[in-house]
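Encoded as C-alpha cells, the structure appears first; notes follow it.
Protein chains: 2
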Amino acid sequence: MSLAADVLQGNRRALARLLTAVENHSPDAVEALTKLYPHTGQAHLVGVTGSPGTGKSSLVSQITLALRKSGKTVGIVAVDPTSPFSGGAILGDRIRMRDLSGDPGIFIRSMATRGSLGGLARATANVIRVLDAAGFDIILIETVGAGQSEVDIAGHAHTVLVVEAPGMGDDIQAIKAGILEIADVLVVNKSDDQRAQNTIRALRAMIELSSSRQEQTWINHHGQLTAVLASPDAPSEHNGTHWEVPIQATNSLSGEGIAELIEILDRHRAYMQDNGGLAHRRHMQVVAEVDALLSETLLAHLLDRVDRSRLATLIERAVARELVPQAIVELLIGDFL
Amino acid sequence: MSLAADVLQGNRRALARLLTAVENHSPDAVEALTKLYPHTGQAHLVGVTGSPGTGKSSLVSQITLALRKSGKTVGIVAVDPTSPFSGGAILGDRIRMRDLSGDPGIFIRSMATRGSLGGLARATANVIRVLDAAGFDIILIETVGAGQSEVDIAGHAHTVLVVEAPGMGDDIQAIKAGILEIADVLVVNKSDDQRAQNTIRALRAMIELSSSRQEQTWINHHGQLTAVLASPDAPSEHNGTHWEVPIQATNSLSGEGIAELIEILDRHRAYMQDNGGLAHRRHMQVVAEVDALLSETLLAHLLDRVDRSRLATLIERAVARELVPQAIVELLIGDFL
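Chains as they are written, first to last, in my numbering: chain V, -10 to 326; chain G, -10 to 326.
Laid out in C-alpha cells, this is it:
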C-alpha cells in the first residue's frame, strides 16, 4: 500500500514518515502529496503567532486540551523561522507539550528553517496539507516573531490568532502594527497580570485606528503572478458583512477565557465560509505558491544546464565590477532560452 | 549629458532623479547603473539596525554630524521593510533629520516596500551603489525590526551595527539572538539609563555564548546558486585574526560615546580590508543578487509568453483541488522550455 493510502487510513507512523519526506522535499513526497491533495480542505487552519514570552505555546496546549474534550482532533505545526540564527527557541517550548503527546487525537510537528525561508514556507504548506488529508479537525500553526515569514505562514490559515502579553511598551507596539493587520482574533494572555486591561485598551485603540483592510495586505505580497492574473476582489469589498477583530483575555495557566476563545474560532470559520473569505484566501495562497514554485523550478532548470566555469567567471567579473549583476543574468538567460 | 555622468559630477538633482528611477526599476536606471558600476566600491557601507525605540534614528543623526565635522560626506538610506503593513514608522523618524538636510555633504533617502521584499532588497542594493558612485565617503543603511529583511539588507554592509536600548526583558532578547549574530558592533544607546550596565553585561554574555560564526549565517541564505558555485571560505576560517564584537555605550542626546563609536567603525573597516572580509562579503552579495535576479527574470519571461486564460484555468483547477500546484508548474514550464 502507498504512503498516501496509509496516511488516509490514519496510520501515525506513515504520517510521521511522510512529513519527514515532505520536509526533505523528496520525490516520494511529491507523489504522496498529489494523491492526498483531493482529500484536503476539511480542516480548520488556525495560525497562532506572537512574540516569545507571550505564553503562546502554553496557550496552544490549552486550546488543544479544550478541543480534545469536545471530541475534536488537533494537528499542531510549530514553525520557527528564526532558528537558523537562534537555534530554535520554539522547539524548547515543545517540551511543555509532552503531556499532550500520548493522545492519538493529537499530532505535533516542529519545523525549523533549513536553507531558505521560501523553502520553509513551502514545506509548511505541504505539512499542513498532509495533516489536513489525514483528517485532523483543527490544525494549529504556531509561529514565532514578527516579520515577512509570519505573514507568509499566516497566509495558509483560515483564522489568524495574534497573542500579546500585558505590559509591553509602546516601542514594541510599533513593530507589532504589522502583525495586528493580519490578526482575525487578538488574545491578551496572562490575564491575571494587572496590566492586562491597559493592554486590551491599547490594542482596541490600535485596531480602531488601523483603516487598511487586511485582505489588501495579502495581495501586495504575491509577486509577479498576481499582476498577470485578474485578482478576485477581497470579500469585504463586495459584501456588507464585516468582521470586528475580537480581543479575548486568556490565562493559559488557569484556563480562563479558553472556552470563549474556541467559540470565537468557530464563529470566525463560519464567517469566512459564509462571506467567501475562505475561497478568497485559498485562491491567493495557490497563486503565491505557484509563483514561488515557478521561479524556483525555472532557476533549477537553468542551473542544471549552466556551464559552471562560465558562471564562476561571470560572478568573478561582477565582483571585480567589470559587469553588473543584471548583465550576468541576461547572458545566462540568453544561453538558456 | 547622461544621468550617470551628472551624478558622477555631484549633481544632487540628478542623484535624486536617478534614485527615483532605481526605485521604480525603470529602464533609464539600468543604463545608468551599468555606467556607474565601475565607480562603486569606495564608500564604507555601514548597516544600522535595531528595534523601534532604541533611538536608532537619533544615533544615525549623531554619527552623521560627527562624521561631517571630520570632513567626511555621508549618504543615509533608511529602509522600512514593515511599511506595507504599518505605514512606515521609520519615515516619521526622518523628521528629526531635517536639521541635517541643508548640508550638501549629506544625502538622505527613505525607502519603503512597494510590492515584494525581494524588490526592496534589490532596490536598496542599487540605491547604495548610486550613492557609492556619487562619492559619499560613508553610507549608513538604517533598517528597522528583526527578520530576514534585516539579514538581507545587512548583507550589503561592510560593518553591521546593532543598536539596543537598556532594560529589554529576556523575552525580547530571545528574538534578538538572530540579530546579534549579524552584528559587527553592538551599541547600547541611552547610556544614561540606569539599566544600561545590566544590558551591556547581558549582551556580553550572549556574545560569548554564541559560538556560531556570523559568516556562516550569510552563506545559509544565498539560495540555489550557492550550491552550484564553489563558495570561498569565510575569511575567519583561513586567517588567524579574529574580530571581537565590541559593545559601545552611547547617548544620542548628549553625544557621549559617538567619537568612540566612529573609531570602532574605522577599525572594523580596516580589519575587514586586511583579512579579506570585504572581498568575501562582496562575493556572497553578488551571488545572492544574481540568484534573486535570475529567478525573477526567468519568471518574467515565462509570464510574458504564457497563455493567460490557460494560466487562470490551471489556477482555478488547483483551487478546486483537482491539480496540485507542483503539477501546474510542470505544465507551464513544459510549455515554456
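Yeah, the Cβ is synthetic: ideal placement off N, Cα and C, and Gly gets one too.
Nothing here was measured: the structure is a model prediction, and the numbers come from that model.
Just so you know, the alpha carbons of THR38 (chain V) and LYS45 (chain V) end up roughly 7 Å apart.
By the CB criterion at 8 Å, PHE96 (chain V) and GLY60 (chain V) fall outside the cutoff. If one requires a minimum length of 4 residues, the alpha helix (DSSP H) runs lying completely within the stretch 250 to 318 of chain G are 266 to 294 and 297 to 308, in chain order.
The C-beta separation of GLU153 (chain G) from LEU109 (chain G) comes to about 24 Å, leaving the pair out of contact by the 8 Å criterion. A buried status is given to HIS257 (chain V), since no fewer than 16 other beta-carbon atoms sit within 10 Å of its beta-carbon. Residue V:LEU56 holds the alpha-carbon nearest to the alpha-carbon of GLU249 (chain V) among V:LEU(-8), V:THR29, V:THR23 and V:LEU56. Shortest Cα-Cα distance from ARG270 (chain G) to any of G:THR62, G:LEU34, G:LYS58 and G:SER241 involves G:LEU34.
Taking 7 Å as the upper bound on Cβ-Cβ separation, chain G lies near residues LEU22, THR23, TYR26, PRO27, THR29, GLY30, SER40, PRO41 and GLY42 of the stretch 22 to 52 of chain V. In the three-state DSSP reduction, HIS33 (chain G) falls in the strand class (E or B). LEU129 (chain V) sits in a strand when the DSSP states are folded into three classes. Listed by position along chain V, the residues whose Cβ is nearer than 7 Å to that of THR286 (chain G) are VAL318 and ILE322. Residue contact check for GLN213 (chain G) against chain V: a CB pair falls below 8 Å. Following the DSSP letters along the chain, one finds SER241 (chain V) in no beta strand (DSSP E), marked with neither H nor E. Chain order gives the chain G residues near ILE304 (chain V) as LEU218, VAL275, VAL276 and VAL279, where near means a beta carbon separation below 7 Å.
For VAL152 (chain G), no CB of chain V lies under 8 Å from its own CB, so it is not counted at the interface with that chain. Across the structure, LEU7 (chain G) and ALA21 (chain G) are spaced so that their CA atoms are roughly 8 Å apart. It is roughly 9 Å from the alpha-carbon of ALA67 (chain G) to the alpha-carbon of THR113 (chain G).
Note that the C-beta distance between SER241 (chain V) and ASN178 (chain V) is below 8 Å.
In this structure, DSSP gives LEU218 (chain G) a state outside helix and strand, which the three-state scheme calls coil. Residues of chain G with a Cβ closer than 8 Å to the Cβ of GLN315 (chain V) are, in chain order, VAL19, LEU22, THR23 and LEU282. Inter-segment contact for the stretch -3 to 6 of chain V and the stretch 281 to 296 of chain G is absent: fewer than three beta-carbon pairs are separated by less than 8 Å. Residue contact with chain V for ALA110 (chain G): absent (no Cβ-Cβ distance below 8 Å to any residue of chain V). Using beta-carbon distances, LEU120 (chain V) does not count as an interface residue toward chain G, since no partner is under 8 Å.
Within chain V, no residue has its beta carbon less than 7 Å from that of HIS257 (chain G); the closest one is some 21 Å off.
With a threshold of 8 Å between beta carbons, LEU4 (chain V) makes no contact with chain G.
Think of a sphere of 8 Å around the beta carbon of HIS290 (chain V): the chain G residues whose beta carbon falls inside it are ILE322 and LEU326, in chain order. Three or more pairs of CB atoms, one per stretch, sit closer than 8 Å, so the stretch 7 to 19 of chain V contacts the stretch 112 to 126 of chain V. The shortest CA-to-CA distance from THR239 (chain G) to any of G:VAL(-4), G:SER47, G:LYS24 and G:ALA18 is the one to G:SER47. Taking 8 Å as the threshold, the shortest C-beta distance from ARG271 (chain G) to chain V falls below it.
If you check the CB distance, ILE236 (chain G) and VAL279 (chain V) do not come in under 8 Å.
Close CB contacts of VAL(-4) (chain G) within its chain, under the 6 Å cut and outside five residues either way in sequence, are with ALA3, LEU4, LEU7 and ALA123 (chain order).
Secondary structure of GLU153 (chain G) (DSSP, three-state): strand. In the three-state scheme derived from DSSP, where H, G and I count as helix and E and B as strand, ARG184 (chain G) is classed as coil.
Contact with chain V is absent for LEU192 (chain G), since none of that chain's Cβ atoms lies less than 8 Å from the residue's Cβ.
One Cα belongs to PRO314 (chain G), the other to ILE304 (chain G), and the distance between them is close to 8 Å. For VAL149 (chain G), no CB of chain V lies under 8 Å from its own CB, so it is not counted at the interface with that chain.
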